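*Asks:* In terms of this note's numbering, the numbers along the sequence shown are unbroken and rise by one, the last being 1752.
A virtual CB, placed ideally from N, CA and C, is assigned to each residue, including glycine.
Owing to the predicted nature of the structure, the values given are computational and were not obtained by experimental measurement.
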Amino acid sequence: MANRGFAVGRALVIATAAPGGYDRVMGNDELDQSLIAYFAWRTADDILAQHYVRAFEAHQEATARRAEAEQAFADMSSELLHLAIRTRKFSTRARAIEELSRRGELTYDDLEFITRDMIVHPLPEFDEDAEDLEGAYRCETMSWLTQNRPADLAPLLEQLFGVASRQGFDKDAAWALEALAAIAPDRAVDRIDSWLASSSSTRRVQALCAVEHLPLKLAEPRVRSAVCDPAWRVRLDAFLCWDRMAGESLELNELTGVNLELLREPPSRTFLARLPSIRRKRNRHALAAQLLAEAPDREAVCLLIVALQDDTFLQDLPLTDLPQSREEWAETLAIRFGDAGVEAVCALARTGSPEDEFQWCDTVVAAIGQLDEATAQTWIWRLLLSGSLPGQANALGDLLELMAPSEALDATLAEQFAVAIGTGEYRLASALVHAGVRRGIEAVMDRAQRMLDREPTEDTFQLQIDCAKALESVGRLDDAWLVSAMSDPGAQAFKVLLAGTVGKLTGAGRRVLERQLASTDFEMAVLAAMLLIDRDPSEVTNPRIREIHDQAAPEQSIDLTYDLLKAGHPPAELLPHVEPLFDSDDEEVAEPLQSIVDFLLEHRPDGDEWLERIASRTPLAVVSGAIESGLHSSDHDVDFWEEEEWAR
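Following this line, the structure appears as structure tokens:
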């Protein structure tokens, strides 16, 4: 357009210079489009030039302001700098930290404040102009931590990591993980391993930053594993990490991290030529579209999952015909590539873990759901019997319930359920019992009831809960078993009943529980009271239940406290009885305490005084962290931070 515009402009100058030339030019219809193009080019060119001028002037102004700010902070007293760290403007904090670090005057109190504050006020998002401030903030604080290694900060860093991870503030969690690795490696390794196993390549990269702070003995196996990562970014960072830590290079094989099992034969020259392209950001989405068009070629699907294991590929998806989410990709791979596509999705699902928010496990069911029933059944049995996706076993089993009526399928399901119980594969049995019972398979229902008649053990407990749920859902749970289980609240069968059933009480069941309420064994009486309230909420007004709560030991009545709070009993009457538990460092106490915290947070401000008391007393970071986050929820985001100059 620029060359054309210049040519048109030159022609106009020559034409209008001749006698009568202006009139001839303006009256010539053939030149209309050229004139429009010329003036559009000149206008666009002028606008672009003005934009660059303004951008250059803004950059100069920002540079001058930063220089002035840096000088101003250099002139500040140390006392003022420590105060500046506690302001709501991030640029002020960052420059104060930078200056104090330069002077060697950062203190433990500064780092403790920063860590506590990040729990309730996650750092804001930054544009390019502010990234250097963020870098200074993180680097200077991390430098102080690695030099001083204050072990007392470890519990607080664990708390920050947990809160930030749950709420999706990965940069804050990554800083906490890196700091924890520097000051308490033994407490950091499990958290590092969970991130190295994440389906998110971004988290795996962030975990490597923490690995670099571990002792060499702990770091080496983790770096060597990361060098085999399917995401190029992770592999490259692992290579550089080891180079910095050990002063030697690890070999980077081009095919490392590629799932060659999908190919079933050596990769072709075309595959090898495409591999670098699918790993690079530039144009790989166009290559992905081309690979989808080559279905059902196994090399194409193998290259696609290389891309899908890199977060940036999914984050930068253009608005085209490409699938836009993990589930859409799973369904598309299954539809286009058939068995090879499902194999690819299963390979993706084996990364991460069931609790990983970035995991692909959930997509396996979506993929298999796109297949015809015969093929889907083949895949379901293959995955269930191999136990290769334990986190999705129940979801896969539930797919069998949706299959069309089939005597062959019912016979196979009954047989496999019996074999699973006989061989002690209780997880597989749990995955099958719901489908078998709801399909009306008598052999499965009979065996499930016999399973309930067995004395529960740690291994069978979950299966027995699933059997109770399945049988109750179709009205086949044996009344005699219900009454028997209710008769002894101290037995494991009662706990199965409590967790596995939701139905209303029969007359016989109610009479059994009412007898238990009169028991002097308060542990049994509390359990009976909880089941009675669960099945008949009107029982919360029963004065005997309040007596049981107040007379039982705090650790026995803590769960009953939550039930009574939900029923409207005043916290001031209930909480003093269980207050001693707030001092406990027993992690098993955390779950019932967390339920009470959640209730009080939902009923603010009435529970604020109690929340403050719990937070100041409990040594359990998971409890105090939840309280601090909840109490400051009104400014628990970037709105806490005062607007920066670069954001205006």
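Please state whether DSSP places Thr1211 in a helix, a strand or coil.
*Replies:* Thr1211: coil per DSSP, three-state reduction.
*Asks:* Is it true that the CB of Leu1391 sits closer than 8 Å to the CB of Arg1378?
*Replies:* The answer is yes: Cβ separation under 8 Å.
*Asks:* For the alpha helix (DSSP H) holding Gly1604, just list the boundary residues, first then last.
*Replies:* First-last of the alpha helix (DSSP H) with Gly1604: 1596-1604.
*Asks:* Which word fits Ala1453, buried or exposed, when buried means at least 16 other C-beta atoms lie within 10 angstroms of its C-beta?
*Replies:* Ala1453 comes out buried.
*Asks:* For a test of the three-state rule: what should DSSP assign to Asn1646, helix, strand or coil?
*Replies:* DSSP places Asn1646 in coil when its eight states are reduced to three.
*Asks:* Please report how far the alpha carbon of Glu1692 lies from the alpha carbon of Pro1259, in whole angstroms.
*Replies:* The straight-line gap from Cα to Cα measures roughly 17 Å.
*Asks:* Where does the unbroken alpha helix (DSSP H) through Thr1516 begin, and where does it stop?
*Replies:* 1511-1526 is the extent of the alpha helix (DSSP H) around Thr1516.
*Asks:* If we ignore side chains and look at the alpha-carbon of each, how far apart do Val1479 and Arg1639 end up?
*Replies:* Sequence check: residue 1479 is Thr here, not Val. Between Thr1479 and Arg1639, the C-alpha separation is close to 43 Å.
*Asks:* What residue from Glu1643, Leu1408, Leu1264 has the CA that sits closest to Arg1388's CA?
*Replies:* Of Glu1643, Leu1408, Leu1264, the residue nearest in Cα terms is Leu1408.
*Asks:* Helix, strand or coil for Leu1437? Go by DSSP, reduced to three states.
*Replies:* It is helical.
*Asks:* For Arg1368, which three-state DSSP category applies?
*Replies:* Residue state, collapsed to three classes: coil.
*Asks:* Taking the straight line between their C-alpha atoms, what separation do you get for Leu1475 and Ile1439?
*Replies:* Cα to Cα, Leu1475 sits roughly 7 Å from Ile1439.
*Asks:* Exposed or buried, which one is Thr1360 when buried takes at least 16 other CB atoms within 10 Å?
*Replies:* Exposed is the call here.
*Asks:* Residue range of the alpha helix (DSSP H) that Gly1442 falls in?
*Replies:* Run containing Gly1442: none; DSSP gives neither H nor E here.
*Asks:* Tell me whether Ser1181 is buried or exposed, calling it buried when 16 or more other Cβ atoms sit within 10 Å of its Cβ.
*Replies:* It counts as exposed.
*Asks:* Mapping DSSP to helix, strand and coil, what is Ile1345?
*Replies:* Reading off the sequence, residue 1345 comes out as Cys, not Ile. Note: Cys1345 maps to helix in three-state DSSP.
*Asks:* Spatial neighbours of Arg1209 within its chain, please: CB distance less than 7 Å, with the 5 preceding and 5 following residues excluded, ordered by chain position.
*Replies:* In the sequence as displayed, the identity of residue 1209 is Glu instead of Arg. Excluding sequence neighbours, Glu1209 sits near Ser1182.
*Asks:* Look at Leu1281 and Arg1295 and say whether their C-beta atoms are less than 8 Å apart.
*Replies:* Yes, these two residues count as a Cβ contact at 8 Å.
*Asks:* In chain order, what residues of the same chain have a beta carbon less than 7 Å from the beta carbon of Leu1426, not counting five sequence neighbours either side?
*Replies:* Counting only Cβ-Cβ distances below 7 Å, and skipping sequence neighbours, we find His1389, Ala1392, Ala1393.
*Asks:* Take the Cβ of Gly1613 as the centre, count every other Cβ of all protein chains shown within 10 Å, and call the residue buried at 16 or more, exposed below.
*Replies:* The residue in question, Gly1613, is buried, as its Cβ has 16 or more Cβ neighbours within 10 Å.
*Asks:* Report the three-state DSSP secondary structure of Gln1553 (helix, strand or coil).
*Replies:* DSSP places Gln1553 in helix when its eight states are reduced to three.
*Asks:* Compute the distance between the beta-carbons of Gln1251 and Ala1278, then report whether it is under 8 Å.
*Replies:* No, the Cβ-Cβ distance between Gln1251 and Ala1278 is not below 8 Å.
*Asks:* Which same chain residues end up closer than 6 Å to Glu1746 when comparing Cβ atoms and leaving out the 5 residues on each side of it in sequence?
*Replies:* Answer for Glu1746: Arg1192, Lys1193, listed in chain order.
*Asks:* Do Ala1497 and Leu1488 count as a contact pair if the criterion is CB distance below 8 Å?
*Replies:* It is a contact, given that the beta carbons lie within the stated cut-off.
*Asks:* Alpha carbons only, please: which of Asp1274, Ala1288, Phe1626 is nearest the one belonging to Arg1227?
*Replies:* Sequence check: residue 1227 is Leu here, not Arg. Per the Cα distances, Asp1274.
*Asks:* Count the other CB atoms within 10 Å of the CB of Cys1243; is the residue buried (16 or more) or exposed (fewer)?
*Replies:* Flag for Cys1243 reads exposed.
*Asks:* Just to confirm my understanding: we take Arg1551, look at its own chain, exclude 5 residues before and 5 after, and list those with CB closer than 7 Å. What are they?
*Replies:* Within the same chain, Arg1551 has close Cβ partners Phe1521, Ala1522, Ile1525.
*Asks:* Does the structure place the stretch 1284-1298 close enough to the stretch 1317-1334 that three or more beta carbon pairs sit under 8 Å?
*Replies:* They touch, by the three-pair rule.
*Asks:* Relative to the C-alpha of Glu1659, which candidate in Val1541, Gly1442, Gly1604, Leu1697 has its C-alpha closest?
*Replies:* The candidate whose alpha carbon is nearest that of Glu1659 is Leu1697.
*Asks:* For Leu1679, which residues in the same chain have their Cβ closer than 8 Å to its Cβ, ignoring the five residues on either side in sequence?
*Replies:* For Leu1679, where only same-chain residues beyond five positions count, the Cβ hits under 8 Å are Thr1665, Ile1700, Trp1714.
*Asks:* Does the distance from the CB of Leu1421 to the CB of Leu1412 come in under 8 Å?
*Replies:* No. Outside cutoff.
*Asks:* DSSP three-state call for Met1507: helix, strand or coil?
*Replies:* Met1507: coil per DSSP, three-state reduction.
*Asks:* Indicate whether Ala1656 and Val1616 have their beta-carbon atoms separated by less than 8 Å.
*Replies:* Result no, Cβ atoms of Ala1656 and Val1616 do not sit closer than 8 Å.
*Asks:* When the distance is taken between beta carbons, is Met1555 closer than 8 Å to Cys1571?
*Replies:* Cβ distance < 8 Å, so Cys1571 and Met1555 count as in contact.
*Asks:* Does DSSP put Gly1734 in a helix, a strand or coil?
*Replies:* In the structure shown, Gly1734 sits in a helix (DSSP, three-state: H, G or I).
*Asks:* From Ala1451 to Val1469, what distance separates their C-alpha atoms?
*Replies:* Roughly 13 Å between the two C-alpha positions.
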